[in-house]
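Notes to accompany the following structure.
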Amino acid sequence: NAGVTQTPKFQVLKTGQSMTLQCAQDMNHEYMSWYRQDPGMGLRLIHYSVGAGITDQGEVPNGYNVSRSTTEDFPLRLLSAAPSQTSVYFCASSWEGEGSPLHFGNGTRLTVT
Amino acid sequence: KQEVTQIPAALSVPEGENLVLNCSFTDSAIYNLQWFRQDPGKGLTSLLLIQSSQREQTSGRLNASLDKSSGRSTLYIAASQPGDSATYLCAVSSGSQGNLIFGKGTKLSVKP
């Protein structure tokens, strides 16, 4: 049981490049989400999904796309990277329900130059 | 808009002390409150979850309390150890979809 797996761990992009951050979970969780963590700003929600085929925007969705074709996978796509997207990105998942804690991956550290 | 505040931002204590970390939130209509631990360069690990109808949860040396009416939660750590050194984050959920609003954390350092 690997939990929430994120790849890559580190990535450097040039401004304007695109890339996909991968996230997979093996706990059959319905809910998955992406957060970014920035110094002084804390963790902020980018996009989330409550099941395959269902996605919605969080607090800071601009510049990012998501899709959820399977229960297990929830990739985050950066369409045209900008220096403001330099951050640490975390994927998380949980069961739906009041008593379900959120499980986090180990993060992807992204630098955009 | 829900806001979560954690005080203090940093705390340094000698080993063996009991300590309290504070979390406050502005909207009392929460679904649950969760405390996480984050080690440098790592993801977040869930420590305790308190549902809206509960007042406290305990796990080992950790005890978290929730007072919805006053918008406050505390995380009590008994007999602190150097291995407890980490950043502790508080987060609240306002609905069943699982979205959390996070505080900025308290960075705890326990000195041997």
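Chains as they are written, first to last, in our numbering: chain Y, 52 to 164; chain R, 426 to 537. Virtual Cβ for every residue (Gly too), placed ideally from N, Cα, C. Everything numeric in this text was worked out from a predicted model, so none of it was measured.
- R:Asp492: member of the beta strand (DSSP E) spanning Leu487 to Asp492, first to last residue.
- Buried is the label assigned to R:Val517, since at least 16 other Cβ atoms lie within 10 Å of its Cβ.
- Think of a sphere of 9 Å around the beta carbon of R:Leu474: the chain Y residues whose beta carbon falls inside it are Glu149, Gly150, Ser151, Pro152 and Leu153, in chain order.
- If you draw a straight line from the Cα of Y:Ala53 to the Cα of Y:Thr121, it is about 17 Å long.
- The C-alpha of Y:Arg128 lies about 13 Å from the C-alpha of Y:Cys142.
- With contacts defined by Cβ atoms closer than 7 Å, R:Thr470 and R:Arg480 do not form a contacting pair.
- Think of a sphere of 7 Å around the beta carbon of Y:Asn157: the chain R residues whose beta carbon falls inside it are Lys467 and Gly468, in chain order.
- In the three-state DSSP reduction, Y:Gln57 falls in the strand class (E or B).
- Chain-order list of chain R residues neighbouring Y:Tyr140: empty, with the shortest C-beta distance near 11 Å, by a criterion of under 9 Å.
- The beta-carbon of R:Ser471 is placed less than 7 Å from the nearest beta-carbon of chain Y.
- Residue state for Y:Ser135 is assigned as helix, using DSSP reduced to three classes.
- Per the coordinates, the alpha-carbon of R:Leu446 lies some 36 Å from the alpha-carbon of Y:Val63.
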